[in-house]
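Protein chains: 2
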Amino acid sequence: EEDEEENFIKNNYIARTLLNEPELPPITWLNWYKEVNWPQATLLCLEPLVALYGLFTTSFMWQTIIFTIIWYFLTGFGITAGYHRLFSHRSYEAKLPLRYFLLILGAGSVQGSAQWWSRGHRAHHRYTDTDLDPYSAHKGIFYSHIGWLLFKPRRKPGLVDISDLTNDKCIQWQHRNYISLAFFMAFVFPTLVCGLGWNDYRGGYFFAGVLRLVFVHHSTFCVNSLAHYLGDAPYDDRRTPRDHFFTALVTLGEGYHNFHHEFPSDYRNALKWFQYDPTKYLIEFFKLIKLANNLKEFPKNEIRKGRYTMAHKELNRFGQTIIWPKDNLNLPIITFEEYQELTKKNDNRLLILIAGFIHDVSHFIDSHPGGRTIIKSYIGKDATVAFYGGIHDHNTAAHNILAMMRVAICKYGGEVEYIKKRLGHIQTPTPIFA
Amino acid sequence: EEDEEENFIKNNYIARTLLNEPELPPITWLNWYKEVNWPQATLLCLEPLVALYGLFTTSFMWQTIIFTIIWYFLTGFGITAGYHRLFSHRSYEAKLPLRYFLLILGAGSVQGSAQWWSRGHRAHHRYTDTDLDPYSAHKGIFYSHIGWLLFKPRRKPGLVDISDLTNDKCIQWQHRNYISLAFFMAFVFPTLVCGLGWNDYRGGYFFAGVLRLVFVHHSTFCVNSLAHYLGDAPYDDRRTPRDHFFTALVTLGEGYHNFHHEFPSDYRNALKWFQYDPTKYLIEFFKLIKLANNLKEFPKNEIRKGRYTMAHKELNRFGQTIIWPKDNLNLPIITFEEYQELTKKNDNRLLILIAGFIHDVSHFIDSHPGGRTIIKSYIGKDATVAFYGGIHDHNTAAHNILAMMRVAICKYGGEVEYIKKRLGHIQTPTPIFA
Ligand code: HEM
Ligand code: HEM
Ligand SMILES: [Fe+2]
Ligand SMILES: [Fe+2]
Ligand SMILES: [Fe+2]
Ligand SMILES: [Fe+2]
Numbered sequence: 044e045e046d047e048e049e050n051f052i053k054n055n056y057i058a059r060t061l062l063n064e065p066e067l068p069p070i071t072w073l074n075w076y077k078e079v080n081w082p083q084a085t086l087l088c089l090e091p092l093v094a095l096y097g098l099f100t101t102s103f104m105w106q107t108i109i110f111t112i113i114w115y116f117l118t119g120f121g122i123t124a125g126y127h128r129l130f131s132h133r134s135y136e137a138k139l140p141l142r143y144f145l146l147i148l149g150a151g152s153v154q155g156s157a158q159w160w161s162r163g164h165r166a167h168h169r170y171t172d173t174d175l176d177p178y179s180a181h182k183g184i185f186y187s188h189i190g191w192l193l194f195k196p197r198r199k200p201g202l203v204d205i206s207d208l209t210n211d212k213c214i215q216w217q218h219r220n221y222i223s224l225a226f227f228m229a230f231v232f233p234t235l236v237c238g239l240g241w242n243d244y245r246g247g248y249f250f251a252g253v254l255r256l257v258f259v260h261h262s263t264f265c266v267n268s269l270a271h272y273l274g275d276a277p278y279d280d281r282r283t284p285r286d287h288f289f290t291a292l293v294t295l296g297e298g299y300h301n302f303h304h305e306f307p308s309d310y311r312n313a314l315k316w317f318q319y320d321p322t323k324y325l326i327e328f329f330k331l332i333k334l335a336n337n338l339k340e341f342p343k344n345e346i347r348k349g350r351y352t353m354a355h356k357e358l359n360r361f362g363q364t365i366i367w368p369k370d371n372l373n374l375p376i377i378t379f380e381e382y383q384e385l386t387k388k389n390d391n392r393l394l395i396l397i398a399g400f401i402h403d404v405s406h407f408i409d410s411h412p413g414g415r416t417i418i419k420s421y422i423g424k425d426a427t428v429a430f431y432g433g434i435h436d437h438n439t440a441a442h443n444i445l446a447m448m449r450v451a452i453c454k455y456g457g458e459v460e461y462i463k464k465r466l467g468h469i470q471t472p473t474p475i476f477a
Numbered sequence: 044e045e046d047e048e049e050n051f052i053k054n055n056y057i058a059r060t061l062l063n064e065p066e067l068p069p070i071t072w073l074n075w076y077k078e079v080n081w082p083q084a085t086l087l088c089l090e091p092l093v094a095l096y097g098l099f100t101t102s103f104m105w106q107t108i109i110f111t112i113i114w115y116f117l118t119g120f121g122i123t124a125g126y127h128r129l130f131s132h133r134s135y136e137a138k139l140p141l142r143y144f145l146l147i148l149g150a151g152s153v154q155g156s157a158q159w160w161s162r163g164h165r166a167h168h169r170y171t172d173t174d175l176d177p178y179s180a181h182k183g184i185f186y187s188h189i190g191w192l193l194f195k196p197r198r199k200p201g202l203v204d205i206s207d208l209t210n211d212k213c214i215q216w217q218h219r220n221y222i223s224l225a226f227f228m229a230f231v232f233p234t235l236v237c238g239l240g241w242n243d244y245r246g247g248y249f250f251a252g253v254l255r256l257v258f259v260h261h262s263t264f265c266v267n268s269l270a271h272y273l274g275d276a277p278y279d280d281r282r283t284p285r286d287h288f289f290t291a292l293v294t295l296g297e298g299y300h301n302f303h304h305e306f307p308s309d310y311r312n313a314l315k316w317f318q319y320d321p322t323k324y325l326i327e328f329f330k331l332i333k334l335a336n337n338l339k340e341f342p343k344n345e346i347r348k349g350r351y352t353m354a355h356k357e358l359n360r361f362g363q364t365i366i367w368p369k370d371n372l373n374l375p376i377i378t379f380e381e382y383q384e385l386t387k388k389n390d391n392r393l394l395i396l397i398a399g400f401i402h403d404v405s406h407f408i409d410s411h412p413g414g415r416t417i418i419k420s421y422i423g424k425d426a427t428v429a430f431y432g433g434i435h436d437h438n439t440a441a442h443n444i445l446a447m448m449r450v451a452i453c454k455y456g457g458e459v460e461y462i463k464k465r466l467g468h469i470q471t472p473t474p475i476f477a
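Sequences listed follow chains A and B, in order. full-length UniProt numbering numbers the first residue of the first sequence as 44 and each following residue consecutively. full-length UniProt numbering numbers the first residue of the second sequence as 44 and each following residue consecutively.
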């Protein structure tokens, strides 16, 4: 057994790595301030405060409000259509202009460079729910939402291959210029648009800049927190990812996360027309205007297998809440004559023979839809033919109810005199020496 | 075989009866006027015309409109809670005053006496979809809706037991006085209420009397027509009854007809809170005011069995739309060395050994979420450990996709030199005479 354990660890990258690589000590009330990632924590805690201050001190201009919403969607799509579906998952191919466009917008979401983001995200997919997953759902909803950014990670995220990204010029350009790009797109650009456009520099900064950033941040964070807690698992339930409309609504369509983890390089997150996945439509639009191609889809057949398997699991769980007929092997076997004898005893047990089984209908007879009398007249007789259409061709429910009342098996299945006679004949040993 | 056929007919009441009892000839363009049930046909065809005439010649009073709706519900409940669930199905017990109340209201729906109605309805349940069912759905939606009333029935409906009804004083009283009761409740009473109440005799007659009757009639008829065509079969699909919200809406809750045929003596037609079954609530109200008791319910466990079985059927149908891996028995068996040889040939077939099977990944490799290179490096080797967590612990979808690409079985399951050596040793025959 120890051998087996050892063998497993040797052959399992995750087990091996967790065992051999160092881990920082847990965060406690004594050491927490040393473990905080101060630059990130400051940014993430300050931005909602600045946004609140802006909300209370700045007057609203409808143009700014509209631009804020647009800018929320655009920088958000930079993450969902760009960082996530294009760069992390290669779920489609994009022409150069589109790649730059998405990288620049993505920078405006201030979530690190596409290379850094994808490196972590690939580890999240490859090591989902383990300690090599940088935002493992098993560490709690707070940690997977924002905690992993506020504190220094306890471990290096698991090994992943990002050679495609390190060899990509656009990605490298964005990686090198990330800080200035992010600062410009997140704050300078929206301030300028609102300022030069309708002279609302202040609104541009506070609303389209900071407030919008708060929403974009927590929207993306929800994919790591909510999407691993809320909803159901229609494709696979081995791990935590879940599908939910609400998560989709607040994440530009990334909320069908059970599907996404099962089929990560599919450019879609939602398959059904009634599910909300604007990022999918955007990618289809990119294709329409010839900026994207080779949109990847997992084969329908394999997607159905997931649905089928999960539906089967659920149905089996439902089946286990049902009481099924008792095991026939434990029923006593009695002869037809013994059965008749039993029904003559005056002990209020009403026995009826149907299809080889003897049933105790004492508790059922009064609720029989066909009435008490008709069953009563068959007590002690073989009611098989009557039950199967001789008198009434019973529905499926009747057969189910009947099976619940089995108390014995009737030898030879019933009153079959001619079979018994034949058997008797055969069983009489033919004398060898007459 | 002929013997079997004969035996079946002898032992099946329906088959026997259909064979032995006379049937009227089919209705044709030549004989139809002789086959019409003139009194019923006249009533049923005239009433919508009279209602229309009334609609165009009578002014509306809101009191009359309200009373018409109330009278529609009351006389309708006379049928659903009275004729149907109480008298035909004995799904609850009712005190004398309630029995009279329901019988009087039911008469106002002009659908025959409760005894006549229940006799036909019991035959409908016992012989559903056969020619002994007076309004068999297999005779078409027109026939089951109203045709069976317009023409003389082609056969006597199948035998049923109505001794409980013929022994019931209330039922017999209503049966004897049916014509006058019906006339009074359908036309005189609503005319008087509206006339004496707010001096709208004309509206009372045309709206609360005739128009309301048209609606009550076709509402009941829909239970025999629509409810056997429209909707799904969540409890059993051996026969035509179906569940549908729309049918329920137009029939005071009798539209969950698949449930009802499966569990006919249940006082409910609908189980779920979101389903529309006002008749059920009315019966529960009767119980509350102590006019009804012993409300019958089929055991939840047996109801679940129906749902379970049908869900299983549907899931199996879904499973049959899926392409599953090929039968392993037909795969060729090759040795590990042969496998390696094959991968060296330059015929663009990329073969990879995982878990004892050799897979052709030529068409898959470019869409591998983990990239082309990593798979490429395992061509011609045993990738079992890598695929099962040595490098990446693949998700369920990956296992499903993998199984679709099997092209051969690897002898001994893979490169297991020490097993091969051992087997070689054992297989060397020990000489018997040395
Ligand atoms: C002892 C086990 C029995 C069970 C569990 C049972 C159950 C049922 C059930 C659930 C129904 C309503 C559903 C349907 O119409 O198929 C029914 C109806 C009926 N049963 Fe049975 N039954 C039993 C025995 C019998 C026997 C032995 C007879 C006749 C000899 C019989 C005669 C009828 C008739 C005539 C009806 C139709 C009632 C009507 O719709 O008016 N039943 N039974
Ligand atoms: C030949 C059959 C193979 C199939 C059908 C297959 C299928 C898949 C699928 C569906 C995924 C995405 C889902 C998931 O993350 O589990 C995936 C990911 C991955 N596969 Fe495979 N795979 C195969 C072979 C291999 C082999 C032989 C290796 C390594 C030696 C490998 C390494 C990986 C890695 C590292 C990932 C994670 C990619 C990421 O999330 O960045 N695969 N594979
Ligand atoms: Fe995730
Ligand atoms: Fe992802
Ligand atoms: Fe029916
Ligand atoms: Fe019924």
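Yeah, the Cβ is synthetic: ideal placement off N, Cα and C, and Gly gets one too.
**Item:** residue 407 of chain B - DSSP class collapsed to helix/strand/coil
**Value:** Coil at residue 407 of chain B, not helix or strand.
**Request:** Report yes or no: is there a C-beta of chain B within less than 7 Å of the C-beta of residue 440 of chain A?
**Result:** When Cβ-Cβ separations below 7 Å define contact, residue 440 of chain A makes contact with chain B.
**Message:** Following a CB-centred definition, is residue 201 of chain B positioned closer than 6 Å to any heavy atom of ligand 1?
**Reply:** Using a cutoff of 6 Å, the CB of residue 201 of chain B does not count as near ligand 1, since none of the ligand's heavy atoms is closer than that.
**Request:** Please decide whether residue 305 of chain B counts as near chain A, where near means a Cβ-Cβ distance under 7 Å.
**Result:** So yes, residue 305 of chain B belongs to the interface.
**Asked** Hey, how far is the Cα of residue 385 of chain A from the Cα of residue 422 of chain A?
**Response** 10 Å
**Asked** Roughly how far, in whole angstroms, is the beta-carbon of residue 201 of chain B from the beta-carbon of residue 60 of chain B, given that I think they are within contact range, below 8 Å?
**Response** 7 Å
**Message:** Between the alpha carbons of residue 403 of chain A and residue 391 of chain A, how many angstroms are there, rounded?
**Reply:** 10 Å
**Message:** Check whether the segment 89–104 of chain A and the segment 127–142 of chain A are in contact - that is, three or more C-beta pairs closer than 8 Å.
**Reply:** no
**Request:** Just the chain B side, please: which residues come within less than 7 Å of residue 345 of chain A by C-beta, in chain order?
**Result:** 440, 443, 444
**Asked** Got a sec: does ligand 2 put a non-hydrogen atom nearer than 6 Å to the Cβ of residue 321 of chain B?
**Response** no
**Runs of alpha helix (DSSP H) lying entirely within the segment 337–388 of chain B, each at least 4 residues, in chain order** = 343–363, 379–387
**Message:** Once DSSP output is grouped into helix, strand and coil, what is the label at residue 390 of chain B?
**Reply:** coil
**Asked** Any idea if residue 48 of chain B is buried or exposed, counting beta-carbon neighbours within 10 angstroms, 16 or more meaning buried?
**Response** exposed
**Where residue 355 of chain A meets chain B, residues with beta-carbon distance less than 7 Å** = 358
**Prompt:** So, do the segment 251–259 of chain A and the segment 271–282 of chain A have three or more beta carbon pairs nearer to each other than 8 Å?
**Reply:** no
**Prompt:** If we count the other Cβ atoms within 10 Å of its Cβ and call it buried at 16 or more, is residue 406 of chain A buried or exposed?
**Reply:** exposed
**Request:** Run the proximity test for residue 169 of chain A: is its beta-carbon closer than 6 Å to any non-hydrogen atom belonging to ligand 2?
**Result:** yes
**Request:** Using a cut-off of 9 Å between C-beta atoms, extract the partners of residue 55 of chain B located in chain A.
**Result:** Taking a Cβ-Cβ threshold of 9 Å, the residues of chain A close to residue 55 of chain B are 428, 431, 432, 433, 436, in chain order.
**Message:** If you measure between the beta carbons of residue 67 of chain B and residue 197 of chain B, is that distance less than 7 Å?
**Reply:** yes
**Message:** Using a 10 Å radius around the Cβ and a threshold of 16 neighbouring Cβ atoms, would you call residue 199 of chain A buried or exposed?
**Reply:** exposed
**Item:** C-alpha gap between residue 70 of chain B and residue 299 of chain A, whole angstroms
**Value:** If you take the alpha carbons of residue 70 of chain B and residue 299 of chain A, they lie about 59 Å apart.
**Own chain, CB closer than 7 Å to residue 305 of chain B, minus 5 neighbours either side, in chain order** = 278, 279, 349
**Item:** Short CB-CB distance (under 7 Å) between residue 315 of chain B and chain A
**Value:** no
**Request:** Just list the alpha helix (DSSP H) runs in the segment 45–94 of chain A, keeping only unbroken ones of 4 residues or longer that don't cross its boundaries, in chain order.
**Result:** 45–54, 56–63, 75–78
**Asked** Distance, Cα to Cα, residue 445 of chain B vs residue 130 of chain A?
**Response** 25 Å
**Request:** Spell out whether any CB of chain B is found under 7 Å from the CB atom of residue 387 of chain A.
**Result:** No, no contact with chain B.
**When B:286, B:454, B:141, B:191 are compared against residue 213 of chain B, the one with the closest alpha-carbon** = B:141
**Item:** Any non-hydrogen atom of ligand 2 within 6 Å of residue 69 of chain A CB
**Value:** When distances are taken from the beta-carbon of residue 69 of chain A to the heavy atoms of ligand 2, even the shortest one reaches 6 Å or more.
**Item:** Cutoff 7 Å: residue 279 of chain B Cβ touching any chain A Cβ
**Value:** yes
**Request:** Mark residue 160 of chain A as exposed unless 16 or more other C-beta atoms lie within 10 angstroms of its C-beta, in which case mark it buried.
**Result:** Residue 160 of chain A counts as buried, since at least 16 other C-beta atoms from the protein chains shown sit within 10 angstroms of its C-beta.
**Message:** With the cut-off set at 7 Å, would you say residue 365 of chain B and residue 344 of chain A are in Cβ contact?
**Reply:** Yes. Within cutoff.
**Request:** For residue 204 of chain A, return the contacting residues in chain B, with the cut-off set at a CB-CB distance below 9 Å.
**Result:** 413, 414, 416, 417
**Asked** Which residues of chain A have a Cβ atom closer than 7 Å to the Cβ of residue 169 of chain B, listed in chain order?
**Response** 435
**Message:** Quick check: the Cα distance between residue 57 of chain A and residue 294 of chain A, rounded to an integer number of angstroms?
**Reply:** 30 Å
**Request:** Using a Cβ-Cβ cut-off of 7 Å, state whether residue 424 of chain A counts as contacting chain B.
**Result:** no
**Request:** Please compile the residues from chain A whose C-beta is within a distance smaller than 7 Å of the C-beta of residue 37 of chain B.
**Result:** This structure cannot settle anything about residue 37 of chain B, because the visible part of chain B is limited to 44 through 477.
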